[in-house]
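Residue numbers (the numbering used here): 143 to 312.
Where is the CB? At the ideal position from N, CA and C, for every residue including glycine.
For reference, the structure is listed below as structure tokens.
Below is the structure:
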């Protein structure tokens, strides 16, 4: 069937007439309120994700960076304090301790001077290096201390007698 005579006689319908004829009338019930609230909540959550979360992540990364720097500073201070309390029993062991103290002092000076220019990766690398020196310190703090250098003594009379025998045999 063709268009109704009523529409042909009316001309162009107005917005009000179109709305009255074609829109669905809904009562305000709990489902409608819930759907609108859910839609608004979804929009708010999307805005939160796009506007607030990136800033929070930046702050978290900056916080992680500052915590790593502080932990490294505490690690350096405790390591240097522990090394200063080591009392080696021989000259050979004093040289070993002095070498490690010198290296850690140089690393500590480097980290203090360039702390603001270090990246998070470099800070973690330095923390790992200081951790290795802490392991050395723990060996030295054991009872009895375990040093890496071993002092060996040569029994001179036995060595001289052995050399004399070799010379006499030739």
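Roughly how many whole angstroms lie between the Cα atoms of residue i and residue j?
i           : j           : result
residue 238 : residue 302 : 31 Å
residue 154 : residue 177 : 35 Å
residue 265 : residue 231 : 34 Å
residue 202 : residue 208 : 10 Å
residue 248 : residue 210 : 20 Å
residue 306 : residue 297 : 15 Å
residue 256 : residue 278 : 25 Å
residue 167 : residue 192 : 36 Å
residue 180 : residue 174 : 10 Å
residue 199 : residue 190 : 13 Å
residue 163 : residue 157 : 10 Å
residue 304 : residue 250 : 51 Å
residue 161 : residue 205 : 57 Å
residue 311 : residue 299 : 18 Å
What do you reckon, are the CB atoms on residue i and residue j nearer than 7 Å?
i           : j           : result
residue 241 : residue 275 : no
residue 234 : residue 293 : yes
residue 188 : residue 272 : no
residue 228 : residue 282 : yes
residue 243 : residue 225 : yes
Hey, out of the options, whose CA is closest to residue i's CA?
i           : options            : result
residue 280 : 221, 187, 172      : 221
residue 269 : 305, 306, 214, 258 : 214
residue 254 : 172, 300, 206, 219 : 219
In this structure, does DSSP put residue i in helix, strand or coil?
i           : result
residue 297 : coil
residue 153 : coil
residue 194 : coil
residue 271 : helix
residue 292 : coil
residue 165 : coil
residue 256 : coil
residue 307 : helix
residue 261 : coil
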